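Residue 1 is where the sequence shown starts when you use the working numbering, and the numbers rise one by one after that.
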Amino acid sequence: MSTMNWKRRFTLCECAVMVLLLGHMTSALEVPLDLPQPPTITHQSPKDYIIDPRENIVIHCEAKGNPHPSFSWTRNGTHFDVEKDHKVITRSNSGTLVIDISEEKAEAYEGVYQCMARNEHGTAVSNNIVIRQSKSPLWSKERNEPITVQVGVSLILHCRPPAGLPPPIIFWMDNNFQRLPQNSRVSQALNGDLYFSNVLAEDTRNDYICYARFPHTQTIQQKQPITVNVLNVDAMNETVLAAYLNDTDFLGDRPAGERKPSFMYPSGDSSTVSVLRGETLELECFADGLPTPEISWTKANGDLPNDRFSFHNFQKTLKITEVMEADGGDYHCLARNRLGNAQHIITVVVKAAPFWISAPRNLVLAPKEMGMLICHVGGNPKPTITWLVNGVPIENSHKDPSRKIEDNTIILSDVQTGSSAVYQCNASNEFGYLLANAFVNVLAEPPRVLTPPNYVYQVISNRQAMLDCASFGSPIPKITWFKDGQTAIVNGDSYILHENGTLQINVAQPLNSGKYTCVATNSLGNRENHVYLEVKEPTRILKQPEYKKVQRSSKAVFECKVKHDPTLIPTMTWLKDNGELPDDERFVVDSDSLTINDVTQEDEGTYTCIMNTTLDQDSASATLTVVERPDPPRDLELTDQKERSVQLTWTPGDEHNSPVQSFLIQYEDSLHEQDVWNNMTEVPGTSTTAHLDLSPYVYYSFRVLALNDVGLSEASIPSNQYRTNPASPDENPSDVEGTGTEPDNMVISWNEMTGLQSNGPGLQYKVSWRQKDTDEDWMSIIVANVSEYVVTGTPTFVPYEVTVQAINDYGSGPKPEVVLGYSGEDRPTMAPESVKVLVQNSTVAEVHWEPIPPSTVKGKMLGYKVSYWKEKSLQKEDSKPEKPQELTFSGNETEGRLPDLQPYSQYSINVRAFNGKGDGPPSTNQKFETPEGVPGPPTFLRITNPNLESFTVEWGPPVDDNGRITGYILKYQPINNTEELKEMTLLANETSVILENLKYSTRYKFYLNAMTIKGSGPIVTTAITIMDEARPVGPVFGSVNFSLEEDHAILNWEYTGDENNVYVEYMLDNSKEAWKREAVNGSRTYQLKSLKAGMTYRVRVVAKDHGDATVHSTEELLIAVPAMTSRQVDIATQGWFIGLMCAIALLILVLLIVCFIKRNKGGKYPVKEKEEAHQDPEIQPMKEDDGTFGEYRSLESDTEDHKPLKGSRTPSNGTVKKDDSDDSLVDYGEGGDGQFNEDGSFIGQYSGKKEKDTAEGNESSEAPSPVNAMNSFV
C-alpha cells in the first residue's frame, strides 16, 4: 500500500516537475562565466577526421567552465599520456593537440581519440574522433587490348579506379588533356565507367583515358589509354575484315541495326538501394538502344520531392538531397525510343543513423529544486541509449538517491549544493552514434540582467519589435515588463512575453515608442533594467525611376525621390545590372537622381536605386535602352530585270533597339541628272524587296535608306546601274493653259517634261490652237526647250481650244487633251447707268444700278465697285469731306447696301464695273442725305460748388450730335433706396443746373442724356454724398499745431464734426506718391512716429465718411524733421570731463619735466655711433623675426594694431609709420627694460629710432617734443 502511494505521489510530482522544467529547457540558460559551473565543450574535431600526411595533425578540443577545466585524452580506449610523447604539444589553456609528424609516419597516430575536460564540478567528454590518413594509391598496372566493335552496338569502358581515402573524382580525357564530350548517347556513371548506348564511326580513337583526382593530396592519376575501333562490317569484304580483326577483341556479334531499349545498368528488371536519412540519394540508369533511348523517372505511389530532387547526366541520374523516410519506395526508370521502351524498378530503403529529436540541455537548479534531462533520439533501427555521468557509465558511478533513470530521461529531485555534474547521453545503432553533454549546475544566485542597460532599440513602423531582457538567476527569475513606469505589460494582441524574457511587439506603431523596464525576480531578490524603443517611419521611394529610351550621345536622367524618417541617415546607392556603376565621370549621382551624359551603347541595362538606412531600405529599377538611327541596308541586288520594271532586294542593317518602320528607295538618273537622288517609293519596314516600275531612256542606280523612330539611316551603297531603252513619250506636258496678257494675244503655257518623262532623245512640243465654236482649222507649231508660246493678233477675250503634245526621236506622245483658253482682256468701256440711292434710315442706304452690256465688258466680268464718301454734316457748317469708302459686289449683282453712315449728313456716290484687266469708267456722282439720329453721350457730367444749400450739375454737349439737339434729360435718386427716380427736362442750350433741398448724409446718383427729334442718346452717370444738416456752417476743424520730440511729431487739433473716421495723412514734400494715413481713433492728439530724420513732410488731418470719401480736411502743415532730433548733452559742463582734463594736464606737465631732465643728463647721442656700438647680437635690441624690442613691447606692439596688414604695402625703406607721429618715447628706449634711473633718466641709450633717423638723414640727438611724447603714451 505504501509502495502504491509512493508511486502515485511520484507520478503527480513528476507532472509538476515536467511543467516546471519546461522553463528550464526552453530557456537554454547561459551561465555567466564568473559563476561556478561544470565544463562545457565548445569546439572539437569532426568524428571522421581524414588528415593530410604532409601536414601536422591538429585535434581540436576547447571547453569553458569555472574553474577553467583541465584536459586529458584517450587513444583507442586507453589513457594517452601526451607528456611522454615529445611530438605531441597541448595548446595553452586548451585541450587541442598538435602532433608533429615531420619525422614520423602519420599511420603511427591513426586511431580513435577522445578528449575529457574536467573541473571540480564535473567532467565533459568529446566525441570519438577517428583519425585516418588520406590515401591516393597508384593504379594497378594492366595492359588494355584494343576493342573493336560494330557500328550501332552498345559499349562499356571500365575505369576501375584505385580505392582512395576519400574516394577520388573520376573523369575521362584524351591525350591532349581535353575532356571527352558526353551526351545522351555517351555518358559517365558514378563509378567512373563510360557507357555508350550505341557507337558511331567517330567514336574510333586510341586515347580513351580515365583519370582519378584525389582531393586531399591534390594528385591526379591516369589509367592506361584504351583504344576503340568502330567498324562498319557491311561495308568491308571478308579478307579485309579478317586481316583487321586478327589481333583485336571483336565485340558485337548481334545485329547492329535499330532496336528497342534494354538496360546495361542496373541489370535485370529490379534492384535495391539503401540510403541513410539526411544523406544524398543518387539513382542511375544506362540503356542500350538505337536510336538512343530517352530516360525518364517516376516514383510509384507518389511524386518526387519538389524542392529536393534534380536530374543530371542527361536525365540518367536522379539526385535527391537530404533524404527523408518518406523518400523510400519504388522508383521507375523508363528508357524509350521509337521502337519501344524498357523499365527498371529501383527499390529505395531508407535507414537512419541516430539523430536528435531533442538533445539534453544544461540545467541550472537552485537547492531543493527538481529537474529533468531528456535524451530524445530517432533512428532506424531504433538506437540504444546509455547514460554516463562525468564520463563514467552511470551504473558504475556512486549512487545518488535524488536521481532516477527512466529510459531516455533522468529525473532529479531535491538537489543539494555540491551535486553538480556533467551527464552524457550516448545513442547508437549499426549506422553510427550521437553523444551529448548536459550539465546540472546547483546554484543559489539572485537575479542579474545580462542585457546592456539603457539600450535603444530602433524599429520601422508596422514591423515586429523584439526587446531583450536576458537574465540569469537561480531559481530562474520571473520577468515582468513595464512601459513608461505604468502598469505591467501582459500577454495580449499587441504584446507577447517569451519564456527567455524577450518582449515581442507584433506591429510596432509610433505610440509604442518610449521607455520599457524589465524586472527579473526570484526568491533571492530582484533586478531591473531599462531599454528604449524608437519607432521610425519607413523608407519609401515616392518617385521611381522610369524606363528610358534615349539616343546615343544624348543624356539619360533617372529620378529616385525618397521619403525617410528624418532621424535616420539615408544612403543612396545606384547599381547597374545588380553591380556597381562604371567608374566613369559621365555618371553623375545627385541626391535624388542619376544622370548619364553622352550615352553609349554599353550603357544599356537595368539601373536600380537603393535607399538604405540603418533599419530598412527600399529600391526601384528601370531599364535604359539606347537607340540610334538604323545602319544602312546592304547587299543590294537587282533581279527579275524587264524592259519597264526590276526587282530590288537588300539586307537590313542593325536596328539599334528601334524597329525599322519603312525603307525609302531612291534612284539616280546619271543620263539626265547625275548625282541627284530622287525618292522613288517607300515600303514597310518588314519588307526586304521592292518591285520598281521604270521609265524608258534612263540610266538607273538605286539605293535604300531605313527609317525608325530616331531617323533615317545613311544611304546604302548604290546598286549596279540599270539602263532602259528609249521609246516614244508615255505622257504629254501637264498644266496646259491659254491666258492672254494683252488684249490682242494669248499665251499658251505648260510644265516642261523632265528627262525621265521624255522616254528618249529629241524631246519637242507640238503646240496647237483654234478659236472655239468656229470652223477655223487647227494651227500648230513645234518648239523645244521652252514652256510657253505666244499667239498674237487675237480678238479681245475670245475662247480658244489649245493642245500641247510631246514628241521625241522615237515618236509622238498620246493624243493630247483639249484645254479651253482665252485671249487677253481689256478694261470695261461703259459705266453703269440708272444709279439710284434709297435711304433706309440715318445709318443705312441702298444703291441700285443697271448692268453694262456684255459687249462692253471686254473680258471676264468680275463685278461692280461702289464708291461713296461724306461731303458734309448738315448740322455743322465747318465740316470737311471725308475719304471715300469702297464696296465690291461680285458677279452680276445690281444692288447693294451702304452701312455705317453718319446721321444728318450729305453723301456722294458712283458705281463702276471691273474685270481681270481693271476698272471701267465710273458713273455720274449722285448725292443723297441721311436723316437725323439719336445723339451721342454728353462729353462729361460733374458736380460743382457743393454746400449745405445747393450744388451745381454741369455737363458738356455730345461730340456726335447726329442732328439738332432738342434738350437734355437729368434723372437722380438716392443710392440703395426705393424712392422713385426724379427727372428734369432741360433746354438744348443749357449746360448746367443748380439742385437744392436734397437729403443730407445721403449719397445720390445722377443720370444725363441728350435728345434729338429721333430720341434720347446714351446716358452718363456720376454720384455724390450730401452733407448732414446738423453740422455747423463753416469748417469742422479748428486750429492745428505740432511739436517735434526726439523720435516723433505730436499733432494737436480741434474738431467739431461727428465722423469717427478721422485720419492723419502725410507724404513727402514734392512727392508724387499717394498720401499715407494713420487712424487716430477719436483722439484730438496724435504721435506721428513714421517720419524720417532730415526729411520735410506735408501733413493734414482728414475726416472721411463710410464710403471712405473725404468730407473735411485741415490745411496742410509743412513739417521739417531735423537731421538729429536726439537731445545733445553739453559735455563741457560734466564734472567727470573736467576731472579727466585736469589729470591729462598734470600728466603732460610731468612728461615735460622728465624730457628736460633727460636732455640735461644724457647729452647728445648720435645715431651712427649707437649703431656701431651695438654689434653684439645678445644686446641687439631688435628681434629679427618680428621687429620688436628684446624683452620690452610697447602697447602698440602688444595689440599688434600697427603691424602692416597682409598684402599691404610698406615704405621702400622697410619702416612702418605709427599713426601720424614720427616720434615716441618708446622709440628711444634701449635694451629690454626701458626703465628710469633714480635721477629720472632712461637706463641705456635709445636705439629704436636709428633706422628711421638714418634713412631720413637726421643725426640730431635733441629730445623729442612733448606733444609726440604724449601721443606715444596716451
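Each residue gets a CB set at the ideal place from its N, CA and C atoms; glycine is no exception.
The model shown is predicted, which means the values in this text are computed figures rather than measured ones.
Under the three-state reduction of DSSP, D193 is assigned to coil, being neither helix nor strand. The stretch 857-940 is shown to contain whole beta strand (DSSP E) runs of 3 or more residues at 861-873, 885-890, 895-898, 905-915 and 926-929, in chain order. Taking 8 Å as the upper bound for CB-CB distance, R118 and P39 are in contact here, some 6 Å apart. In this structure, the beta-carbon distance from L575 to V562 does not fall below 8 Å. Excluding the 5 residues flanking it on each side, V819 has same chain C-beta neighbours closer than 6 Å at V736 and V802, in chain order. Between the stretch 1008-1022 and the stretch 956-965, the count of C-beta pairs closer than 8 Å reaches three or more; the two stretches touch.
If you ignore the 5 residues before and after T1114, its C-beta comes within less than 6 Å of the C-beta of F1037, V1040, R1100 and V1101, all in its own chain and listed in chain order. Remark: C-beta atoms of V660 and N597 do not approach each other more closely than 8 Å.
Within the stretch 528-587, the complete beta strand (DSSP E) runs of at least 3 residues fall at 540-543, 548-551, 556-559, 561-563 and 571-576.
At least 8 Å separates the beta-carbon of Y455 from that of W481. If you look at Q424, you'll find it in the beta strand (DSSP E) that goes A421 to N429. The shortest CA-to-CA distance from E62 to any of Y968, F1042 and S94 is the one to S94. Distance check between T741 and each of G859, R1003 and E886 places G859 closest, using alpha-carbon atoms only. Minimum Cα-Cα distance from V422 among the listed residues G432, A436 and E430 corresponds to A436. Of K1005, I852 and D48, the smallest CA-CA separation from T894 is found for I852.
Taken atom to atom, the span from the alpha-carbon of V1154 to that of I1144 is near 15 Å. In the structure shown, S1083 falls within a coil segment according to DSSP collapsed to helix, strand and coil.
In the DSSP assignment, L756 falls within the alpha helix (DSSP H) that extends over G755 to S758. In the DSSP annotation of this structure, M324 is not part of any beta strand (DSSP E), being labelled neither H nor E. Taking one beta carbon from each stretch, the stretch 758-778 and the stretch 681-688 have fewer than 3 pairs nearer than 8 Å; the two do not touch. For A1049, the pairing in a beta bridge is given by DSSP as L1044 and L1088.
Of the residues P510, I489 and Y667, the one whose Cα lies closest to the Cα of Q504 is I489. Taking the Cα of P453 as reference, the smallest distance to any Cα among P446, D468 and E445 is reached at D468.
Within the same chain, Cβ atoms closer than 8 Å to the Cβ of N915 are found at E825, R827, P828, V857, K858, G859, K860, M861 and L862, the five residues on either side in sequence being excluded. Residue pairing from DSSP leaves Q182 without any beta-bridge partner.
Take the alpha-carbon of N732 and the one of A845: they are about 55 Å apart. Taking C-beta separations shorter than 8 Å and ignoring five residues to either side along the sequence, the partners of T939 in its chain run W955, G956, P957, P958 and V959, following chain order. Judged by beta-carbon spacing, P137 lies within the 8 Å limit of A163, meaning their Cβ atoms are closer than that value. Burial of Q114 is indicated by the presence of at least 16 other C-beta atoms within 10 angstroms of its C-beta. For E714, same chain residues with a beta-carbon under 7 Å away, outside a window of 5 residues either side, are P632 in chain order. Following the DSSP letters along the chain, one finds F663 inside the beta strand (DSSP E) bounded by residues S662 to D669. Judged by DSSP secondary structure, K404 falls within the beta strand (DSSP E) whose first and last residues are R403 to E406. DSSP places Y699 inside the beta strand (DSSP E), whose first and last residues are Y699 to L707.
A Cβ-Cβ contact shorter than 8 Å links T298 with H332. The stretch 679-753 is shown to contain whole beta strand (DSSP E) runs of 3 or more residues at 689-693, 699-707, 737-739 and 745-749, in chain order. Looking from the CA of I975, the closest CA among V599, V153 and T1002 belongs to T1002.
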